[in-house]
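Protein chains in written order, with the numbering used here: chain A, 1 to 131; chain B, 132 to 409. Just so you know, even glycine gets a beta-carbon here, dropped at the ideal spot from N, CA and C. Small disclaimer: the values here were computed from a predicted structure and weren't measured. A quick write-up on the structure given underneath.
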């Protein structure tokens, strides 16, 4: 089993130290790590689930706009980052499987190492604030 | 495959009677097999190694893990650079802040050094490596970026029948220790796994390391732990702290042995060691 590159490993180390939810995916969106604060959003523990296929974790919560309309996946920051290898930011609502809704801001960025290769992406969830 | 240890000190060369057993030169290892030779890092230990006049060797490959001074300071005194009959290949980590030659030329230029690259008389060929695989003569070599400040790689050198891994500067256990026993999340694991011999950074004591996280080096405890996870057969603890005299190193090693009972062989690397792998 090959190990991850240091860009991924160091992103996990950073995520492990942060108080905000952080999700790390591979290049196609499979969830390879989520930190403790992110466990509250997913309702699962990383130690229990391990890595999750994109089809699995992508259905754990729904994304909606301010009017309650479902957002198409291609409008979401992480999906756009995976497609364009570029950072994005957006504020929207998420509804977890237990029906709880929360307004959040998501910042996503691509992980591009020294070699210039795109090796994964990170999504950071922030409590939404109107500044 | 023969491994010849020419320098094992970290950071800066040291000299004097307190350093005779393990040596005071900075990192350099020479690997030979079937009349081919690799030089791993060009620390001050490289000055001990020069090709004899009229040598049949016409090609030298120098593999640099990174460009910190203790790993390149011997290059300027390496006589093949000044021999028109010799081809010197330098392999080193790719960076996005400049070519390998432009970064090395900061050392190979006044005022730091009187000789510039353009003054070298050998045929000089540069190769930039990243997470790469390549071959030199009988050697199959893999390079991977590892955790250390600035672009830094380790090398896994596979000969005909054995594997030598060289990671002299490495901090695999930086940060949380909770998941680093998971091989998939361990820097350097791909390089070291099942190696017959691993030379690895072990600059600090466990106590010293607490004060220096992020400096890019390992404690002796972490180096042995890394070797155990990677299934290494023989570990050389290297990149000795310049403050650690022979007596201090021996004392630290005895103390390390008293606390751990690993199934693999491990010992302090010392200048002048020669190890034959099958």
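With a 10 Å radius around its C-beta and 16 neighbouring C-beta atoms as the bar for buried, classify residue i as buried or exposed.
i: residue 151(B); result: exposed
i: residue 28(A); result: exposed
i: residue 17(A); result: exposed
i: residue 97(A); result: exposed
i: residue 20(A); result: exposed
i: residue 99(A); result: exposed
i: residue 57(A); result: buried
i: residue 148(B); result: exposed
i: residue 34(A); result: buried
i: residue 318(B); result: buried
i: residue 262(B); result: buried
i: residue 344(B); result: exposed
i: residue 42(A); result: buried
i: residue 89(A); result: exposed
i: residue 140(B); result: buried
i: residue 392(B); result: exposed
i: residue 66(A); result: exposed
i: residue 222(B); result: buried
i: residue 50(A); result: exposed
i: residue 31(A); result: buried
i: residue 398(B); result: exposed
Distance cutoff 7 angstroms, beta carbons only. Does residue i sit that close to anything in chain B?
i: residue 114(A); result: yes
i: residue 105(A); result: no
Give every residue of the same chain whose Cβ lies closer than 6 angstroms to the Cβ of residue i, excluding the five residues on either side of it in the sequence, and list them in chain order.
i: residue 273(B); result: 264, 287
i: residue 133(B); result: 163, 407
i: residue 73(A); result: 79
i: residue 165(B); result: 269
i: residue 213(B); result: 252
i: residue 103(A); result: 93, 128
i: residue 191(B); result: 211, 219
i: residue 112(A); result: 118
i: residue 110(A); result: 81, 85, 118, 121
i: residue 234(B); result: 198
i: residue 379(B); result: none
i: residue 367(B); result: 330, 400
i: residue 62(A); result: 95
i: residue 296(B); result: 287, 322, 323, 326, 329
i: residue 26(A); result: 32, 120
Can you find a C-beta in chain A that's less than 7 angstroms from the C-beta of residue i?
i: residue 314(B); result: yes
i: residue 322(B); result: no
i: residue 389(B); result: no
i: residue 329(B); result: no
i: residue 317(B); result: yes
Beta-carbon within less than 7 angstroms of residue i's beta-carbon, same chain only, minus the 5 sequence neighbours each way: which residues are those?
i: residue 206(B); result: 173, 177
i: residue 64(A); result: 70, 71, 92, 93, 95
i: residue 302(B); result: 278, 279, 347, 348, 349
i: residue 312(B); result: 360
i: residue 44(A); result: none
Using a Cβ-Cβ cutoff of less than 8 angstroms, which residues in the same chain neighbour residue i once the five nearest sequence positions on both sides are dropped?
i: residue 146(B); result: 155
i: residue 387(B); result: 351, 352, 355
i: residue 325(B); result: 294, 361, 362, 363, 364
i: residue 321(B); result: 273, 275, 287
i: residue 217(B); result: 182, 188, 189, 190, 191, 211, 253, 254
**Study point:** 3-residue-minimum beta strand (DSSP E) runs that sit fully inside the stretch 230-306 of chain B, ordered along the chain
**Key:** Counting only runs of 3 or more, we get 254-260, 263-267, 270-276, 284-289, 294-298.
Review point. What residues in the stretch 41-68 of chain A bring their beta carbon closer than 7 angstroms to a beta carbon of chain C?
Key: Among the protein chains of the structure shown, namely A and B, there is no chain C.
Practice item. Could you please tell me which residues of the stretch 259-282 of chain B, in chain order, have their CB closer than 7 angstroms to any CB of chain A? Key: Using a CB distance below 7 angstroms, the part of the stretch 259-282 of chain B facing chain A consists of 261, 262, 276, 277, 278, 282, ordered along the chain.
**Study point:** 4 or more residues per run - each alpha helix (DSSP H) lying fully within the stretch 351-408 of chain B
**Key:** DSSP runs (the alpha helix (DSSP H)) wholly in the stretch 351-408 of chain B: 351-361, 377-390.
Practice item. Can you give me, in chain order, the residues of the stretch 337-357 of chain B that have a beta carbon less than 7 angstroms from any beta carbon in chain A? Key: Hits within the stretch: zero.
Exercise for review: Could you please tell me which residues of the stretch 220-245 of chain B, in chain order, have their CB closer than 9 angstroms to any CB of chain A?
Suggested key: Listed by position, the residues of the stretch 220-245 of chain B near chain A (Cβ gap below 9 angstroms) are 224, 225, 226, 227.
Exercise for review: Note down, in chain order, all residues in the stretch 365-385 of chain B with a beta-carbon under 8 angstroms from any beta-carbon belonging to chain A.
Suggested key: Of all residues in the stretch 365-385 of chain B, none has a Cβ within less than 8 angstroms of some Cβ in chain A.
**Study point:** Against chain B: residues of the stretch 1-18 of chain A by CB proximity under 9 angstroms
**Key:** Taking 9 angstroms as the Cβ-Cβ cut-off, the stretch 1-18 of chain A approaches chain B at 1, 2, 3, 4, 5, 6, 7, 8, 9, 10, 12, 13, 14, 16, 17, given in chain order.
Check your understanding: What are the start and end residues of each continuous beta strand (DSSP E) run of 3 or more residues lying completely inside the stretch 170-215 of chain B, in chain order?
Key -> 190-194, all fully within the stretch 170-215 of chain B.
Exercise for review: Can you check the stretch 307-338 of chain B for any alpha helix (DSSP H) of at least 4 residues that lies completely inside it and give the ranges in chain order?
Suggested key: With a minimum length of 4 residues, the continuous alpha helix (DSSP H) runs that stay inside the stretch 307-338 of chain B are 320-323.
Practice item. Output the residue ranges of the beta strand (DSSP E) runs that lie fully inside the stretch 11-59 of chain A and measure 3 residues or longer, sorted by chain position. Key: Look at the stretch 11-59 of chain A and you find these whole runs of beta strand (DSSP E), each 3 residues long or longer: 22-25, 31-34.
Exercise for review: Scan the stretch 56-109 of chain A and note each continuous alpha helix (DSSP H) run of 4 residues or more that stays entirely inside, going in chain order.
Suggested key: Complete alpha helix (DSSP H) runs here, min 4: 77-84.
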